[in-house]
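Below is one structure, written out as structure tokens; comments come after it.
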Amino acid sequence: MSQARPSMQELIGRRRRAGFVGRSDERAAFRANLDLPPEDERHRFLFHVHGNAGVGKTFLVRELEQLARERGALTAYVDEGAGSVPEAMAAISHQLAKQGRRLKRLEEMLAAYRDRRHEAEAEVATLEPAPEGPSPLATTAVRLGMAGLGALVPGAGAFVGAVDAGQLTEGAARLKARLSARFRNQEDVQLVLAPERVLTPRLLDELSDITSSVPWLVLFFDTYERTGPYLDGWLHELMTTDRYGALPADVIVVTAGQRPFDTARWGGFADFMTDIPLSPFTEAEARGLLADRGVVAEPVVEEVLRLTGGLPVLVSTLAEARPADPDDVGDPSATAVERFLKWEPDAVRRAAALACALPRRLDADVFRAVVDCAEEEAEALYDWLRGMPFVSEHGERVQYHDVVRAPMLRMQRRRSPRRWAERHGRLAETFGGWRAEREGGLGDPWADEEWRELRLAEAYHRLCAGERAALPFALGGVVRACGRGEEEARRWARMLVEAGADTHAEAVTGWGRELLHALEAPTAAPALGLLLDRAALDSTSRAIAHAVRGNIFRVAEEHERAVSEYDRAVALDSELIFARHGRAFVRAELRDFEGAVADLDHVLGLEPDNARYLASRGDYHRMCARYDAALRDLDRAIELDPTLRGAWAARGVTHHTLGRYDAALADLDRALEIDPDFVWGLVRRARLRRSRGEREQQLADLDRAVTLTPEAPWVLCERGDALSAVGRVREALADYQRAIDVDDAYASVYASRGALYGKQGRDEEALADLDRALSLAPDYPWALVHRSKAYHRRGRYDRALADAYRAVELDYEGAWALANKIQSDMSVGRLEQARVDLERYVTLGGDPAWANRQLVYVHQLSGRFDRALAEADTAATRCAVHLLMGNWSLARRAAEEELATDKLWGLWHLALAVSGEEGTTAARPLWMRLAHEARQPDAYSPQAHASMEAAISAALQAWSELDTWLHRVLTLYDWPYKASLADCLDILLHSPGIDRARLAPRLARVVAARDAMRARYAE
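Position 463 of the sequence shown, counting from 1, maps to 463 under our numbering, and the rest follow consecutively.
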């Protein structure tokens, strides 16, 4: 079988290595290390090559890579083309696959990472229904957070880089909860928030597998001065800790950069690393390289030594031309690059070398665009150029070494400024044309990496061409790059520095440096501020800058600042969709659903068939109680995109609110058929199950949700609420504590636990939790209502009233909050306010039966007996009014009817009716029976028990016992109990057979206490 012919890349590499001269000590040290087993104390696991630009670091690294391969090692090479830890791992995986060793599990995980990042961007950028608090009235929902995740791109999302989960702020913990609701498992959440934590253990597992069959695996990290800021900490942990798992001992790491290693980080590990500082070639090494290339004429050799200063890249470059004529030596001002061009005999090659210095990076297409040569010559000429010592591979492209490119550019700019401008202008047009071609069919071109590369190159060449509009164009690009996140913005800022240096334009260089400094901040907000304050941006770019800064404030949960930025963006460009979209989201966060709908109305006017926007608007209509409008939008969204799980779920919730339980269940079931692990859908179906009385199914859904997102505090809190409702207090408290352990700044869980403590009578603990909830979320109606109840139980009526009124201010349309306010007003005798609120309560959808009972009671306590009787719709309420009116026979008839459904209260009312009509002696057997029934355990509330015992004692004329019960009622209980007891004692005072002389002063005490309390809290 014939042997496969070597590839072009292999041939170029062989030619370069064949000419490698020098660095013999460094190569020998590395080669010797390959002969030492890892257990040998002399073996080194890390080599760090460092030295100034042009000193030959990359040449040496490539030579070391070849030495390793000759010893049977697998190798991988990473440079600044990898802009993050995940990209570095992807580069390693790709290169090992080319050597026949695929890291399949890592490849799958990297693909999942890219998918999850895309989904996360969609989750942030769209307004799919988000987790709500522990009750329908809660206003603090789990939301996005954390500045530093990057800004949203027009139409894309916020995730532009990994975030260390160990540095999560409160906002990011909420982001984590939101993603927990989105993704199938916790690993997916971590894959977005801290990808290196998930990917690195998988990388180590794969490396362990492949190193078992090869002698060595050598990982090379070049241009470390650029990659070190994001790789160095990860690499240090990888090699010196077991945070990610075990790194195989037969892995060797080689790093190369301009600076020595960070001694603060690596200083304690000198015993396993070798430091390789590179200096320029010695004279002997330089002479050896020149002699190897046939350059031996002493005047020529001396000139090369003088011009290059021993820099290997320059020595190699001049040696390539193989100068032999001493007559060429004579101009002492000539630079090494000028001399190389002079010594290169082929004019076409000289022209190509100069022309190809103009673009920052090259591929065959760019080469053809910049070099004037016949098509049949292009391939051979490009191969020659790629084989030059100053040209290196950079991903799928090649680039010049800075030490060579800079003087080539300087030479061309000085030689002919017009020609310089013309050539850069043509390149700008070329890249602009390619960009326009690429743009076709792209929804958001800034989300496309290749398009961004072309736009960046176009901006660079426009700056170099000196176009008047070039700087505003470039700064507008920086604005949009900020929308992709800080790393993309830094690429643009570095381009400005390079363009300024290449054209000697201080203004451009200054912009680049200032932007790079601003981009050292956690987010791009300072850079955007710099651009908005000082750059001559057009109105569209200014609008985008404000909108991107609004997105940054939005994810940082600085909502008011975000709205301000969006307002400015919309004022500049009323049709900037992502500004209105972002403002809609923030307005919803601020409970301004009307404003959110208004923004989405405008957006949908521009994109009427956008299913996600329709689903969002539909859900906001639901939150505004416009259920018909909600259903129209959600129906249309589902029609446009039947796979939109959020639309199905939101429509199901709308049906649930309207009491259409079967339709609600069908929609929520469909949402969960689309995505069985849709946590928000599971939680909302669980709430529906609760309404349907299906407690077991409710808990089953919540158990599943917790299994999917065991660290989502809102889900744990939701299950805790369900467990609390069925009396499983210990389990509920355990869920609440787990939620707090995950996020101790999650307000809803403190509110829920506080409410549970209140139900158990543990009011001090309840108040502590509710205070904590309200310190985290001051405008939280649900927590305010429960704290109001706790204050009420403790007799702290001023605070109870303040919380009750505040809750209604915040949730004016909430019937539940209004019910608490009604009870709070009644508890201190504010009867007229309670009456007015009861009428509104019913219009809000409140319980009409409860409202009727309370309204009858208000009329009764206010002395409006005819109205009370007209409103009364139960035997109990009719009986109470008849008793106060002295209608004894009617009262007795109603009480006897009431006995059939409520023995205790029916007996009390009957005893009062008989006492009023026939006297306390005739009623005594009834009072004795009532005394027996009233003393059964847990018969009713302590307040009602005390009032009833006081009435029984009075009727039986047990004055000492009466005084005891009166003290309790008058000092501990609400105004209605004082008022009702006063009415009851007044009936007994006028009953035949009572000792009026002893009862009257006691009644007077009750009346005085009743009137004093009402006066104190008068409206």
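Glycine is no exception: its CB is placed at the ideal position from the N, C-alpha and C atoms.
Which class does residue i belong to by DSSP, given the choice of helix, strand or coil?
i    : result
F30  : helix
Q412 : helix
Q399 : strand
L926 : helix
L614 : helix
E393 : strand
A256 : strand
V296 : coil
Q943 : helix
F865 : helix
D644 : At residue 644 the sequence reads Leu, which differs from the Asp that was named. In this structure, L644 counts as coil in the three-state DSSP scheme.
A112 : helix
A834 : helix
Q936 : coil
D667 : helix
P38  : coil
A872 : coil
Per DSSP, what are the beta-bridge partners of residue i in this structure?
i    : result
P251 : Residue identity check: residue 251 is Val in the sequence provided, not Pro. L217, per the DSSP bridge assignment.
D275 : H48
L74  : L217
If you drop the 5 nearest sequence neighbours on each side, which residues of the same chain put their C-beta closer than 6 Å to that of residue i?
i    : result
W648 : D667, R670 and A671
R867 : H859
P260 : H50
S208 : P248
R202 : R105, L106 and M109
A979 : L861 and R1010
Can you say whether residue i is buried or exposed, counting buried as having 16 or more other CB atoms within 10 angstroms of its CB?
i     : result
V296  : exposed
Q823  : buried
N52   : exposed
D444  : exposed
Y746  : buried
G161  : Its pLDDT being 32, under 50, G161 is placed unreliably by the model, and the measurement read from it follows with that caveat. Flag for G161 reads buried.
Q860  : buried
E458  : buried
A819  : buried
S953  : buried
G150  : Residue confidence is low: G150 scores 33 on pLDDT, short of 50, so the model does not pin down where it sits. Its coordinate-derived value is still stated next. That one is buried.
T709  : buried
A1009 : buried
G310  : buried
P37   : exposed
A57   : Correcting the residue identity first, residue 57 is Lys in this sequence and not Ala. Flag for K57 reads buried.
Q3    : For Q3, the predicted model reports a pLDDT of 48, less than 50, meaning its position is unreliable; a value from the coordinates is still stated below. Exposed, since its Cβ has fewer than 16 Cβ neighbours within 10 Å.
S279  : exposed
V85   : buried
H517  : exposed
V836  : exposed
L606  : exposed
K98   : exposed
Can you find the residues in the same chain that come closer than 8 Å, C-beta to C-beta, to residue i, ignoring five residues on each side of it along the sequence?
i    : result
H909 : A876, C879, A880, L883, A891, A894, A895 and E898
T503 : R413, L463, C464 and G466
By Cβ distance below 7 Å, which residues in the same chain neighbour residue i in space, the five residues on each side in sequence not counted?
i    : result
M885 : F865
Within the stretch 509-591, ranges of the alpha helix (DSSP H) (whole runs, at least 4 residues) = 525-534, 539-555, 559-572 and 577-589
What alpha helix (DSSP H) runs, 4 residues minimum, are completely inside the stretch 336-393?
-> 336-343, 347-355, 364-370 and 375-386
Minimum length 3: unbroken beta strand (DSSP E) runs contained in the stretch 721-792 | none
Fully enclosed by the stretch 958-1014, which alpha helix (DSSP H) runs are 4 residues long or longer?
-> DSSP runs (the alpha helix (DSSP H)) wholly in the stretch 958-1014: 959-972 and 975-989.
Within the stretch 670-711, ranges of the alpha helix (DSSP H) (whole runs, at least 4 residues) = 679-691 and 695-708
Identify every run of the beta strand (DSSP E) within the stretch 55-107, keeping only runs that are complete inside it and at least 3 residues long; order them along the chain.
-> 74-78
Length-filtered (4 minimum) alpha helix (DSSP H) runs lying within the stretch 425-492 = 449-465 and 470-484
Minimum length 4: unbroken alpha helix (DSSP H) runs contained in the stretch 877-920 = 888-899 and 903-918
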